[in-house]
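Engineer:
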Amino acid sequence: MTPPAPKNLKTFSRSEEFIEKLKSFHIIQEGHFEYKGKAIDGSRMHGEYFINYRLLTTAQELELAQFYSTAIEEFFSDKKNLIIVGVAMGSLMLPKVVQLSMFAKTGIEYAYTEKREGVLGIYGEQLDKCRGKHLLFIEDICNNGTSSRELVAEIKQKKEKMGITGFSILYGIHRGHAFLMEPKNELYAMGVVYAPSFHTSECPACAKNLPLKEYKK
Ligand SMILES: [Zn+2]
6 MTPPAPKNLK
16 TFSRSEEFIE
26 KLKSFHIIQE
36 GHFEYKGKAI
46 DGSRMHGEYF
56 INYRLLTTAQ
66 ELELAQFYST
76 AIEEFFSDKK
86 NLIIVGVAMG
96 SLMLPKVVQL
106 SMFAKTGIEY
116 AYTEKREGVL
126 GIYGEQLDKC
136 RGKHLLFIED
146 ICNNGTSSRE
156 LVAEIKQKKE
166 KMGITGFSIL
176 YGIHRGHAFL
186 MEPKNELYAM
196 GVVYAPSFHT
206 SECPACAKNL
216 PLKEYKK
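For the sequence shown, this note's numbering gives the first residue as 6, with consecutive numbering after it.
1) Thinking C-beta only, is ALA116 closer than 8 Å to CYS135?
2) For VAL92 versus ILE45, is the C-beta distance shorter than 8 Å?
3) Please report the straight-line C-alpha distance between ASN149 and GLY42, rounded to a whole angstrom.
4) Which whole-angstrom value is the C-beta distance of VAL197 and PRO11, which I expect to be below 8 Å?
5) Going along the chain, which residues of its own chain have a beta-carbon closer than 8 Å to the beta-carbon of LEU175, five neighbours each way excluded?
6) State yes or no: is the C-beta of ALA200 nearer than 7 Å to some heavy atom of ligand 1?
7) To which residues of the same chain is ASN1 closer than 7 Å at the C-beta, ignoring the five residues directly before and after it?
8) Considering only residues of the stretch 18–83, which uninterrupted beta strand (DSSP E) runs meet the minimum length of 3 residues and lie entirely inside it, listed in chain order?
9) Between the alpha carbons of ILE89 and LEU105, how many angstroms are there, rounded?
10) What is the C-beta distance between LEU60 and PHE30, in whole angstroms, given that I count them as a contact (C-beta under 8 Å)?
11) With H, G and I counted as helix, E and B as strand and the rest as coil, what does DSSP make of CYS135?
12) Is the stretch 175–192 in contact with the stretch 203–216, if contact means three or more CB pairs nearer than 8 Å?
13) Starting from PHE108, trace the alpha helix (DSSP H) both ways and give me its first and last residue.
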């Protein structure tokens, strides 16, 4: 299977090393998996990768934070008003650990997103912290980009009022099949793993009669 060429996405120069690290932590598992997501006929979608940031331990988060701070320097060294914004994600702590690991050197600040009335956004005091800043959202995985689309709509609405100078999204793993067009030139990934989901009738692992694997929890 040839993965589609990434569009509007920049990838970290040490992404292979980062992906190997996630595999060694069992955050990326390979095999034959049944996903939560359902097809139109109600059957569960299948795929060959299971990516789960919820398994991260603190020691692992600290190790990953070193990769993230290198990537952030690589991508954003020209931006002096950067603020890290944590997106509700598998490892709730990771964006905060990344920010803390960079704080002594750069003084970079932190705000978090939350859902209010079902809408993912930045609210109240967290939004106040973002005044005059360039927002860097740290998100675990890009599946189909739903949460990113919500964020993009939300920030575009508040951008002018809050004097937000711009925003970027840095994914841990981009699954390499759904590419957002916004924010243009401001989507980044620590690594890309081509991991589409399939209807069981089209699943390559089903075709090979591979048994379904349990997720490592
Ligand atoms: Zn299958």
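Each residue gets a CB set at the ideal place from its N, CA and C atoms; glycine is no exception.
Structural biologist: Looking at the atomic coordinates:
1) Indexing the sequence shown from 1 puts residue 135 at position 130. Indexing the sequence shown from 1 puts residue 116 at position 111. Yes; because the gap between Cβ atoms is below 8 Å, this pair is in contact.
2) Along the sequence shown, one-based indexing puts residue 92 at 87. Along the sequence shown, one-based indexing puts residue 45 at 40. In this structure, ILE45 does not lie closer than 8 Å to VAL92 by Cβ.
3) The count along the sequence shown starts at 1 and reaches residue 149 at position 144. The count along the sequence shown starts at 1 and reaches residue 42 at position 37. ASN149 and GLY42: Cα-Cα distance of roughly 11 Å.
4) Along the sequence shown, one-based indexing puts residue 197 at 192. Along the sequence shown, one-based indexing puts residue 11 at 6. Rounded, the Cβ-Cβ distance is 6 Å, consistent with contact.
5) Position 170 of the sequence shown holds residue 175. TYR73, ALA76, ILE77, PHE80, LEU141, PHE142, ILE143, GLU144, TYR193, ALA194 and MET195.
6) Translated into the one-based positions of the sequence shown, residue 200 becomes position 195. No, the Cβ of ALA200 stays beyond 7 Å of every heavy atom of ligand 1.
7) The displayed coordinates of the chain run from 6 to 222. Any statement about residue 1 would go beyond what the structure contains.
8) 33–43 and 49–56
9) Against the sequence shown, residue 89 aligns to sequence position 84. Against the sequence shown, residue 105 aligns to sequence position 100. Rounded to the nearest angstrom, the two C-alpha atoms are 10 Å apart.
10) Translated into positions along the sequence shown, residue 60 becomes position 55. Translated into positions along the sequence shown, residue 30 becomes position 25. The beta-carbon distance between LEU60 and PHE30, rounded to whole angstroms, is 7 Å. This is short enough to meet the 8 Å contact definition.
11) If you number the sequence shown from 1, residue 135 lands on position 130. In the structure shown, CYS135 sits in coil (DSSP, three-state: anything other than H, G, I, E or B).
12) no
13) To locate residue 108, count along the sequence shown from 1; it is residue 103. 99–111 is the span of the alpha helix (DSSP H), which, as asked, contains PHE108.
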